[in-house]
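Working notes for the structure below.
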Amino acid sequence: MVSGFAKLGLIDEARKLFDEMPEKDNFSWTAMISGYVRQNKPECALELYRVMQRDENVKCNKFTISSALAASASVQSLRLGKEIHGHIVRTGLDSDAVVWSALSDMYGKCGSVDEARHIFDRTKDKDVVSWTAMIDRYFGDGRWEEGYLLFSCLMESGIRPNDFTFAGVLNACAHQTTEHFGKQVHGYMTRIGFDPLSFAASTLVHMYAKCGYAQNGQPSEALQLFDLLLKSGTQPDHITFVGVLSACTHAGLVDKGLEYFYSIKDKHCLIHTSDHYACVIDLLSRFGRFKEAEEIISQMPMKPDKFLWASLLGGCRVHGNVDLAKRAAEALFEIEPENAATYVTIANVYATAGKWTEVAKIRQVMEEKGVVKKPGISWINLQRKDYVFLVGDKSHPRSKEIYEFLGELWRRMKEEGYVPDIDNVLHDVEEEQKEQNLSYHSEKLAVAFGIIATPPGTQIKVFKNLRTCVDCHTAIKYISKIEERRIIVRDSSRFHCFEGGSCSCKDYW
Numbered sequence: 001m002v003s004g005f006a007k008l009g010l011i012d013e014a015r016k017l018f019d020e021m022p023e024k025d026n027f028s029w030t031a032m033i034s035g036y037v038r039q040n041k042p043e044c045a046l047e048l049y050r051v052m053q054r055d056e057n058v059k060c061n062k063f064t065i066s067s068a069l070a071a072s073a074s075v076q077s078l079r080l081g082k083e084i085h086g087h088i089v090r091t092g093l094d095s096d097a098v099v100w101s102a103l104s105d106m107y108g109k110c111g112s113v114d115e116a117r118h119i120f121d122r123t124k125d126k127d128v129v130s131w132t133a134m135i136d137r138y139f140g141d142g143r144w145e146e147g148y149l150l151f152s153c154l155m156e157s158g159i160r161p162n163d164f165t166f167a168g169v170l171n172a173c174a175h176q177t178t179e180h181f182g183k184q185v186h187g188y189m190t191r192i193g194f195d196p197l198s199f200a201a202s203t204l205v206h207m208y209a210k211c212g213y214a215q216n217g218q219p220s221e222a223l224q225l226f227d228l229l230l231k232s233g234t235q236p237d238h239i240t241f242v243g244v245l246s247a248c249t250h251a252g253l254v255d256k257g258l259e260y261f262y263s264i265k266d267k268h269c270l271i272h273t274s275d276h277y278a279c280v281i282d283l284l285s286r287f288g289r290f291k292e293a294e295e296i297i298s299q300m301p302m303k304p305d306k307f308l309w310a311s312l313l314g315g316c317r318v319h320g321n322v323d324l325a326k327r328a329a330e331a332l333f334e335i336e337p338e339n340a341a342t343y344v345t346i347a348n349v350y351a352t353a354g355k356w357t358e359v360a361k362i363r364q365v366m367e368e369k370g371v372v373k374k375p376g377i378s379w380i381n382l383q384r385k386d387y388v389f390l391v392g393d394k395s396h397p398r399s400k401e402i403y404e405f406l407g408e409l410w411r412r413m414k415e416e417g418y419v420p421d422i423d424n425v426l427h428d429v430e431e432e433q434k435e436q437n438l439s440y441h442s443e444k445l446a447v448a449f450g451i452i453a454t455p456p457g458t459q460i461k462v463f464k465n466l467r468t469c470v471d472c473h474t475a476i477k478y479i480s481k482i483e484e485r486r487i488i489v490r491d492s493s494r495f496h497c498f499e500g501g502s503c504s505c506k507d508y509w
């Protein structure tokens, strides 16, 4: 009865019945403790576990211990988890596979991944769930290489990965854009056979998309797919419309985007989400239609979030709308006062407008608050090795060649009509110095190295942790034409496929 009440979510009734029991055995204690864990009341579970330990007539079994460990993991209390671990060792329960799995899970969720791996390695008869959980712990902690290596060990162990295993690894490949490893996983999935309708297959599509086979300026294709979705009778959800509105933004289809936006509620009977509002504000502000953007913001049923304000601020930067940019920046300062990107963007707006006094104030505020601009980093993978570049970086062994090649490129680009975009260079310095500041941005260095380190005609793929600047975007278009190369740059916003002097994003990013 206690177990039944707990499983039905009637936890108070279960506890009342439990307290009325004249005698309680291991099963009744375990039922009540595990019930609290299932009902997301880990503190109550741990409190009852302590009471149980004081009863000399009752001994913990593997199920009780596992529930107590799950509660410790839920509240992320490493101290309590270690106390339970000590009890496990003292009572001789450390030979049970169920207990080992719960221990490893507790250490992993409490942030002690190395301890979790230690427990994992000592666990006998590991099943696919244990392997998958340990692999995911590495990915969750940002230890990508160790996660990939453990997945390789799993494949060698003879245990067949399941959909959850594949999904976790492919999501990691998507996050890190490790396309080569993702292809290996795909090959393995094909060899052992996998359900093409499974969520692992969907994750495979996601991995290839993130690694550069989508988000490449194909908004027309995206909208065609949406039309096919509607014709199939499938009901779109709010996520579908995020993609549709984004496609309209990158295709420059402002009126069409507005039509889709209003159809979400009027035609498809869905509720507008904050994501939808952020997308439509991004759409309008990119094209300078700020009056309409402000009208929609004023009618929103929820408070605008940071993504909406950031979209508005980005549009103001493009069109030089100083007053509205200031309003958007002030809203962002309230939401996330430590985000350096807001300070940098509004400073760029002021710099473009020649308001150097305002630029100086922004710098002073950043200094007083200890806000540091995140350094721009670009990297390129050649022969399975990452080469990382910072602005003005000269640490690479071939830096002399890189800089000489960039100098030659700079001359040829100007002959082709390239004009450096110095409007957004923050420092109030001479024009020549501004051009020099732009010349050695990290993505330019990475692209230059990729060209001199690969045979003519080889595709170049560069990654950057921030949004690529306007000047680098323009410069790489010229470089792709001059060098007759296909250059792919993935920044924090999207993929840019440069070829023949143009970019797949059509200059909207």
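Residue numbers for the sequence shown follow full-length UniProt numbering, beginning at 1 and rising by one. By construction, the Cβ of each residue, glycine as well, lies at the ideal position given by its N, Cα and C atoms.
Is Y440 helix, strand or coil when you go by DSSP?
-> It is coil, neither helix nor strand.
Does DSSP put L93 in a helix, a strand or coil?
-> Looking at L93 - three-state DSSP - the assignment turns out to be coil, as it is neither helix nor strand.
Would you mind reading off the limits of the beta strand (DSSP E) that contains F498?
-> Looking at the DSSP string, the run of the beta strand (DSSP E) that includes F498 is F495 to E499.
By DSSP, does I460 sit in helix, in strand, or in coil?
-> Secondary structure at I460: strand, using DSSP grouped into helix, strand and coil.
Under the three-state DSSP convention, the category C503 falls into | C503 falls in the strand class under three-state DSSP.
Within this structure, are the beta carbons of T123 and A97 separated by less than 8 Å?
-> Yes. Within cutoff.
For A71 versus A45, is the C-beta distance shorter than 8 Å?
-> The criterion of a C-beta distance shorter than 8 Å is satisfied by A71 and A45.
Ignore the nearest five residues each way along the sequence and tell me which others in G108's own chain have a CB closer than 6 Å to its CB.
-> Cβ within range, chain order: A116 and R137.
Since L308 and I281 are thought to touch, with beta carbons under 8 Å apart, how far apart are those beta carbons, to the nearest angstrom?
-> The distance from the Cβ of L308 to that of I281 is about 5 Å, consistent with a contact at the 8 Å cut-off.
Meets three-Cβ-pair contact criterion under 8 Å: the stretch 298-315 and the stretch 272-290 | Taking one beta carbon from each stretch, the stretch 298-315 and the stretch 272-290 have 3 or more pairs nearer than 8 Å; the two touch.
Determine the contact status of D393 and V470, defining contact as a CB-CB distance below 8 Å.
-> Taking a C-beta distance under 8 Å as the contact criterion, D393 and V470 do not qualify as a contact pair.
Whole-angstrom distance between I346 and L361, CA atom to CA atom | For clarity, residue 361 is Lys in the given sequence; the question names Leu instead. K361 and I346 have their C-alpha atoms some 11 Å from each other.
When DSSP labels each residue in this structure, what does R490 get in the three-state scheme?
-> If DSSP states are grouped into helix, strand and coil, R490 belongs with the strands.
Residue 510 versus P456 - alpha carbon distance = Outside the shown range of the chain, which is 1 to 509, sits residue 510, and nothing can be said about it.
Please list, in chain order, all residues of the same chain as S399 whose beta carbon is under 8 Å from its beta carbon, the five residues on each side excluded.
-> Hits under 8 Å: D393.
Leaving out the 5 sequence neighbours to the left and right, which residues in its chain are closer than 7 Å to D428 when beta-carbon positions are compared?
-> Per-residue confidence for D428 stands at a pLDDT of 45, beneath the threshold of 50, marking its modelled position as unreliable; the derived number appears in the next sentence. Here the set comprises W356.
Where does D421 sit, in a helix, a strand or coil, going by DSSP?
-> D421: coil per DSSP, three-state reduction.
Are the stretch 309-318 and the stretch 279-295 in contact at 8 Å, needing three or more beta carbon pairs?
-> Taking a cut-off of 8 Å on C-beta distances, the stretch 309-318 touches the stretch 279-295, as three or more cross pairs fall below it.
Assigned exposure category for I239 - 16 Cβ within 10 Å defines buried | It counts as exposed.
For the putative contact between M207 and G182, defined by C-beta atoms under 8 Å, what is the C-beta separation to the nearest angstrom?
-> About 5 Å separates the two Cβ atoms, so the contact holds.
Please go through the same chain and pick out, in chain order, the residues whose beta-carbon is closer than 6 Å to the beta-carbon of G92, but skip the five residues on each side of it.
-> Once the five neighbours on either side are set aside, G92 has no close Cβ partner at all.
Cβ pair C110, G142 closer than 8 Å = It is not a contact, given that the beta carbons lie outside the stated cut-off.
N-terminal and C-terminal residue of the beta strand (DSSP E) that L382 is part of = L382 -> beta strand (DSSP E) spans I377 to L382.
Residue span of the alpha helix (DSSP H) that contains K369, given as start and end = K369 -> alpha helix (DSSP H) spans W356 to K369.
Curious, which full-length alpha helix (DSSP H) runs of at least 4 residues does the stretch 320-360 contain?
-> Taking only runs of at least 4 residues, the alpha helix (DSSP H) segments lying wholly in the stretch 320-360 are 322-335 and 340-352.
Output the distance between the C-alpha atoms of N171 and T203, rounded to the nearest integer angstrom.
-> Per the coordinates, the alpha-carbon of N171 lies some 7 Å from the alpha-carbon of T203.
Thinking I487 and V447 are a contact (beta carbons under 8 Å), I'd like their distance in whole angstroms, please.
-> Between I487 and V447 the beta-carbon gap is near 6 Å, inside 8 Å, which marks them as a contact.
Would you mind stating whether E443 and K464 have Cβ atoms separated by less than 8 Å?
-> Yes, the Cβ-Cβ distance between E443 and K464 is below 8 Å.
Rounded straight-line distance, which links the Cα of I380 to that of T234 | If you take the alpha carbons of T234 and I380, they lie about 40 Å apart.
Write down every uninterrupted run of the alpha helix (DSSP H) in the UniProt repeat "PPR" (25-59) whose length is 4 residues or greater and which is fully enclosed by it, in chain order.
-> Listed in chain order, they are 26-38 and 42-53.
How many angstroms separate the CA atom of V388 from the CA atom of G450?
-> Taking the straight line joining both Cα atoms gives about 12 Å.
Anticipated Cβ contact below 8 Å, V135 with V113, distance rounded = A small correction: the amino acid at residue 135 is Ile; Val does not occupy that position in the sequence shown. Contact doesn't hold; Cβ gap of about 11 Å is too wide.
DSSP three-state call for Y387: helix, strand or coil?
-> Of the three classes helix, strand and coil, the one that applies to Y387 here is strand, per DSSP.
Pull up the distance between the alpha-carbon of L154 and that of E259, whole angstroms please.
-> So the alpha carbons of these two residues sit roughly 50 Å apart.
Mapping DSSP to helix, strand and coil, what is R160?
-> In the structure shown, R160 sits in coil (DSSP, three-state: anything other than H, G, I, E or B).
Unbroken alpha helix (DSSP H) run spanning R286, endpoints | Note, R286: alpha helix (DSSP H), S274 to R286.
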